[in-house]
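Q: First the structure, then my questions, so here it is.
Numbering (the UniProt record's numbering), first residue to last: 1 to 293.
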């Protein structure tokens with residue numbers, strides 16, 4: 001791997017030659033020399049120097065973007081070759097959408113660590129769009145997303161069903177009703193996830209299926225915040241059974257018995273569409289495929 005690229009990436013990330021030198025355990029003159037060599041190679045300055053900080057210029061942004069890809073590919077190549085000789089180990093960058101990441105993934109990681117203690121999982125939580133883009137860009141090695149999903153650069157494999165229910169606070173006026181028509185809920189305030197979320201996608205699909213959309217929607221970017229808001233009586237919501245099982249057990253929330261529900265969707269594992277995967281990602285995928293109720 002070109003050491004100059006690694007040094008340049010570190011300087012850009014740290015915005016400082018001094019902090020980059022500390023990170024790389026090098027002298028500051030050595031760091032400066034690597035960057036100057038790279039600038040001579042491309043015949044242009046790559047960094048704007050001002051005060052104690054440096055920043056990328058337009059040419060630097062191009063070099064930085066491709067250097068990150070090159071360094072990532074080199075690390076991945078080394079990991080794949082190492083896998084041929086050793087047991088599953090090393091860092092595994094995992095991405096998961098909020099529902100799976102916050103309520104299901106911890107149990108999967110516990111099983112992974114028990115069986116493969118040399119694997120070091122790094123977890124990123126985001127919505128379905130963010131996780132898929134992270135995997136496609138190579139920032140994440142494997143991801144778990146919600147709902148119907150396709151991506152030209154990714155292999156998508158459904159592995160588990162999820163049931164979603166309309167939840168309300170325990171003393172909601174419809175809580176004790178045996179069967180609720182969806183039309184009765186359109187006057188209620190609804191609390192929904194942001195666009196790009198698999199939960200939001202499922203909610204919008206449900207509205208379309210019933211041909212009715214609530215008059216008032218409140219959009220929150222956190223499932224936990226939605227649950228606390230529902231418990232406070234601010235509105236109702238559609239959430240995965242995984243997300244609300246503790247609240248239901250504690251009696252702070254109830255599931256409304258609504259005609260035509262629950263909503264079904266799938267959890268899918270996503271990875272880059274390539275025949276080469278690290279052993280760590282392979283064993284993690286196998287654990288995911290074992291995930292059941």
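Here a beta-carbon is modelled for each residue, glycine too, at the ideal position from N, C-alpha and C.
Between the region 229-244 and the region 100-110, are three or more C-beta pairs nearer than 8 Å?
A: Because the criterion of three Cβ pairs below 8 Å is met, the region 229-244 and the region 100-110 touch.
Q: Where does residue 2 sit, in a helix, a strand or coil, going by DSSP?
A: Coil at residue 2, not helix or strand.
Q: So, at 7 Å on beta carbons, what are the nonlocal neighbours of residue 15 in its own chain, with the 5 sequence-adjacent residues on each side left out?
A: These residues qualify, in order along the chain: 53, 54 and 55.
Q: Could you compute how far the alpha carbon of residue 252 sits from the alpha carbon of residue 213?
A: So the alpha carbons of these two residues sit roughly 26 Å apart.
Q: Going by DSSP, what residues sit across from residue 190 in a beta bridge?
A: Note: residue 190 sits in a beta bridge opposite 217 and 236.
Q: So is residue 293 buried or exposed if we call it buried at 16+ other beta carbons inside 10 Å?
A: Unreliable placement is indicated for residue 293, whose pLDDT of 47 sits below 50; the coordinate value is still reported in the next sentence. Looking at its Cβ environment, which holds fewer than 16 other Cβ atoms inside 10 Å, residue 293 is exposed.
Q: Quick check for students: name the residue ranges of the beta strand (DSSP E) that lie wholly in the region 54-85, counting only runs of 3 or more.
A: If we require 3 residues or more, the region 54-85 turns out to have no beta strand (DSSP E) run fully inside it.
Q: Is residue 104 helix, strand or coil when you go by DSSP?
A: Here residue 104 sits in coil by DSSP.
Q: Closer than 8 Å by C-beta to residue 11: which residues in its own chain qualify, once you throw out the five before and the five after it? Chain order, please.
A: These residues qualify, in order along the chain: 17, 20, 31, 35, 47 and 54.
Q: Of all the options 97, 109 and 44, which has the alpha carbon lying nearest to the alpha carbon of residue 280?
A: Taking only the C-alpha atoms, the option nearest residue 280 is 109.
Q: Using a 10 Å radius around the Cβ and a threshold of 16 neighbouring Cβ atoms, would you call residue 273 buried or exposed?
A: Result: exposed.
Q: Counting only runs that start and end within the UniProt domain "HTH lysR-type" (1-57), where is the alpha helix (DSSP H) found for 4 or more residues in a row?
A: Listed in chain order, they are 3-14, 17-24 and 28-42.
Q: Using beta-carbon positions only, say whether residue 140 and residue 124 come within less than 9 Å of one another.
A: In contact: residue 140 and residue 124 (Cβ atoms closer than 9 Å).
Q: List the whole-angstrom C-beta distance separating residue 162 from residue 285, where the pair is believed to meet the contact cut-off of C-beta under 8 Å.
A: Rounded, the Cβ-Cβ distance is 18 Å, inconsistent with contact.
Q: For residue 71, which residues from the same chain have a beta carbon less than 8 Å from its beta carbon, with the 5 sequence-adjacent residues on both sides left out?
A: Here the set comprises 1, 5, 6 and 9.
Q: For residue 181, which residues in the same chain have their Cβ closer than 8 Å to its Cβ, ignoring the five residues on either side in sequence?
A: Result list for residue 181: 258 and 259, in chain order.
Q: With H, G and I counted as helix, E and B as strand and the rest as coil, what does DSSP make of residue 287?
A: In this structure, residue 287 counts as helix in the three-state DSSP scheme.
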